[in-house]
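To start, the structure itself, in structure tokens.
Protein chains: 2
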Amino acid sequence: MRDTGMGAGLGGESLLFLTDEQLRQGIEAMFFAYRGFTADPDRILADLAYGRAHHRAVHFINRAPGTTVNNLLNILGVTKQSLNRVLRTLIADGLVESRVGQTDKRERHLFLTDAGHALEQKLSDAQRARMRTAFREAGPDAVGGFRRVLEAMMDPEMRRAYARLKENGS
Amino acid sequence: MRDTGMGAGLGGESLLFLTDEQLRQGIEAMFFAYRGFTADPDRILADLAYGRAHHRAVHFINRAPGTTVNNLLNILGVTKQSLNRVLRTLIADGLVESRVGQTDKRERHLFLTDAGHALEQKLSDAQRARMRTAFREAGPDAVGGFRRVLEAMMDPEMRRAYARLKENGS
DNA sequence: TTGGAATGTCAACAACACTGACGTAAGCTG
DNA sequence: CAGCTTACGTCAGTGTTGTTGACATTCCAA
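For the protein sequence lines, the chains are A and B, in the order given.
Add 370 to the 1-based position in the first sequence for this note's numbering, that's all there is to it.
Add 370 to the 1-based position in the second sequence for this note's numbering, that's all there is to it.
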């Protein structure tokens, strides 16, 4: 509060992007964009009697193969009961394999089966296609800004999880 | 397909942001950021026995006072039955007023009451605070890119709705 | 004026989140 | 070894939010 905008050595006029109206537009942009973001996978999932929760599980198991249930729980931010319902169907349908840990036998390590990889591919192809189009349309500079704002919007804990996954993938 | 990246006169190296890995990171950034985006209002709503759907309804009624149920339906992208349940509780609790249309008596025009405005203020204060922090952290250029990418990610119909709201607010 | 389209409401159901309680197996610690 | 904790799974119950289906009201046009 009581920030007149001259604190960080920024000229007052460059703070136009912090007006309430600009912030509201950012909020609405997030809302509408997220709908587009999930629309394509949702259509695919609807035919398979799966939902968004299954998509998320498959995505992160693919991203971090061998991850434990607890780890996945923290990333997804749901209760174990909720995740368990999803994992049970994925394992029953042969998309995910759960292996007892070698060093710690209490842990279950999760892997995608071939069928699981096929679904993951199908879902992420659709989602990446939209992301690719959006990135191409907006250009490289915009993509950098996009990523910086999103990162700043995350809870600190999620920012760490996100950073860990980034290292994982590169 | 078969786009070698030289089409629009861009050098090959500036297309690094379109690699699968970059796209995956964009996807995960959206996922984690959206969680942060909704976290603060969710906390407030939990105490009031309301959910995200109530927040969305209140937000857009505030944004376009007098809007019809049908109009709100299109913006929110849910069935009228789903919206109706939410509106019913909001009206019963005295946060929203529903007035029968003058020219077309089938329509209901929606308005926030004083109590409704108070809730909207409380929710959007929290959400704007996070957005403001993120915008400030990322800087004005990043905000422009953020908005451009999000806009490109929307379904065309939602992009139009978004543009209409923007004009409305300015 | 009659029949269809548009608008909105009520009822029932499914997906997915939550809490709370409990059970089992495995690891850790005094 | 005994007792505590951790990791995972499950059962039962509840709430929000989405869905379809059926229906009433109102408007408009043939």
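Note that beta-carbon positions come from the ideal geometry of N, C-alpha and C, so glycine has one too.
D412(A) at chain B interface by Cβ criterion, 8 Å: By one-based count along the first sequence, residue 412(A) stands at place 42. Taking Cβ atoms only, chain B never reaches closer than 8 Å to D412(A), which makes this a no.
M524(A) versus G396(B), N454(B), A504(B) and L520(B), residue with shortest Cα-Cα distance: Residue 524(A) sits at position 154 when you count from the first residue of the first sequence. Considering only alpha carbons, the answer is A504(B).
Ranges of the alpha helix (DSSP H) found wholly within the stretch 504 to 535 of chain A, counting only runs of at least 4: If one requires a minimum length of 4 residues, the alpha helix (DSSP H) runs lying completely within the stretch 504 to 535 of chain A are 510 to 523, in chain order.
Within the stretch 459 to 508 of chain A, ranges of the alpha helix (DSSP H) (whole runs, at least 4 residues): List check, alpha helix (DSSP H) in window: 484 to 508.
Boundaries of the alpha helix (DSSP H) in which P411(B) is found, first to last residue: Your numbering for residue 411(B) matches position 41 in the second sequence. Per DSSP, P411(B) belongs to the alpha helix (DSSP H) from D390 to A416.
Residue closest to G464(B), alpha-carbon to alpha-carbon, out of L453(B), H487(B) and I445(B): Stepping through the second sequence from its first residue, residue 464(B) is reached at position 94. Checking every option, the nearest Cα to that of G464(B) belongs to H487(B).
Whole-Å CB distance - L489(B) paired with T437(B), under 8 Å assumed: Numbered from 1 along the second sequence, position 119 holds the residue referred to as residue 489(B). Numbered from 1 along the second sequence, position 67 holds the residue referred to as residue 437(B). Rounded, the Cβ-Cβ distance is 17 Å, inconsistent with contact.
Pair within 8 Å by beta-carbon distance, E521(B) and R529(B): One-based indexing of the second sequence puts residue 521(B) at position 151. One-based indexing of the second sequence puts residue 529(B) at position 159. Yes.
Whole-number beta carbon distance between T483(B) and E507(B), since they are thought to touch under 8 Å: In the second sequence, the residue the question calls residue 507(B) occupies position 137. In the second sequence, the residue the question calls residue 483(B) occupies position 113. That pair is no contact at about 36 Å.
Within-8 Å CB hit, E490(A) to chain B: Here residue 490(A) is taken as the residue at index 120 of the first sequence, counted from 1. By this cut-off, E490(A) is not an interface position.
Buried versus exposed, by CB contacts within 10 Å (16 or more), L386(B): Numbered from its first residue, the second sequence carries residue 386(B) at position 16. Burial state of L386(B) is exposed, judged by a 10 Å Cβ sphere holding fewer than 16 other Cβ atoms.
Any C-beta of chain B under 8 Å from that of I431(A): In the first sequence, residue 431(A) corresponds to position 61, counting from 1. With 8 Å as the cut-off, I431(A) does not count as an interface residue toward chain B.
Sub-8 Å separation of R502(A) and L443(B) beta-carbons: For the purposes of this step, residue 502(A) is identified with residue 132 of the first sequence, where counting begins at 1. For the purposes of this step, residue 443(B) is identified with residue 73 of the second sequence, where counting begins at 1. No.
Proximity test, Cβ basis, 8 Å: T374(A) and chain B: As a first step, residue 374(A) must be located in the first sequence, where it is residue number 4. Only weak support is given to the placement of T374(A): the predicted model assigns it a pLDDT of 43, under 50, and the value that follows is read from those uncertain coordinates. Chain B contact via Cβ: absent.
G471(B) versus A427(B): straight-line alpha-carbon distance, rounded: The residue labelled residue 471(B) in the question sits at position 101 within the second sequence. The residue labelled residue 427(B) in the question sits at position 57 within the second sequence. One C-alpha to the other measures close to 19 Å.
Range of the contiguous alpha helix (DSSP H) that encloses F430(A): Working through the first sequence from its first residue, we reach residue 430(A) at position 60. Looking at the DSSP string, the run of the alpha helix (DSSP H) that includes F430(A) is R422 to R433.
Identity of the residues DSSP links to T437(B) by a beta bridge: Along the second sequence, read from residue 1 onward, the residue named residue 437(B) stands at position 67. Beta-bridge pairing by DSSP links T437(B) to L480(B).
Spatial distance of A496(A) from F516(A) (CA atoms): Reading the first sequence from its first residue, position 126 is the one you call residue 496(A). Reading the first sequence from its first residue, position 146 is the one you call residue 516(A). Cα to Cα, the separation comes out at about 20 Å.
Closest by C-alpha distance to Y420(A), when choosing among K492(A), A403(A), L453(A) and T459(A): To locate residue 420(A), count along the first sequence from 1; it is residue 50. Checked all of K492(A), A403(A), L453(A) and T459(A); the closest Cα to Y420(A) is T459(A).
Supposed close pair R422(A), D410(A) - CB separation, criterion 8 Å: For the purposes of this step, residue 422(A) is identified with residue 52 of the first sequence, where counting begins at 1. For the purposes of this step, residue 410(A) is identified with residue 40 of the first sequence, where counting begins at 1. Not really, about 12 Å apart at Cβ, beyond 8 Å.
Reduced DSSP category for G539(B) - H, G, I as helix; E, B as strand; rest coil: Position 169 of the second sequence holds residue 539(B). Helix, per DSSP.
DSSP-derived helix/strand/coil call for V448(B): Counting from one through the second sequence, the residue named residue 448(B) turns up at place 78. Coil, per DSSP.
Nonlocal neighbours in the same chain, by C-beta distance under 8 Å from L415(A), ignoring five residues either side: Taking the first sequence and counting its residues from 1, one reaches residue 415(A) at position 45. Taking C-beta separations shorter than 8 Å and ignoring five residues to either side along the sequence, the partners of L415(A) in its chain run G421, R422, H424, H425 and L493, following chain order.
Nearest-angstrom beta carbon gap, R478(B) and V448(B) [assumed within contact, 8 Å]: Start at 1 with the first residue of the second sequence, and residue 448(B) comes out as number 78. Start at 1 with the first residue of the second sequence, and residue 478(B) comes out as number 108. Contact flag wrong, Cβ pair sits at about 16 Å.
Buried versus exposed, by CB contacts within 10 Å (16 or more), G406(B): Numbered from its first residue, the second sequence carries residue 406(B) at position 36. So G406(B) ends up on the buried side.
C-beta contact flag for F430(A) and L453(A) at 8 Å: Position 60 of the first sequence, counted from the start, is the residue given in the question as residue 430(A). Position 83 of the first sequence, counted from the start, is the residue given in the question as residue 453(A). In this structure, F430(A) keeps its C-beta atom at 8 Å or more from the C-beta atom of L453(A).
Buried or exposed (CB count within 10 angstroms, at least 16 for buried), N396(A): Walking along the first sequence from the start, residue 396(A) turns up at place 26. Contrary to the premise, residue 396(A) reads as Gly rather than Asn in this sequence. Counting the other Cβ atoms within 10 Å of the Cβ of G396(A) gives 16 or more, which makes it buried.
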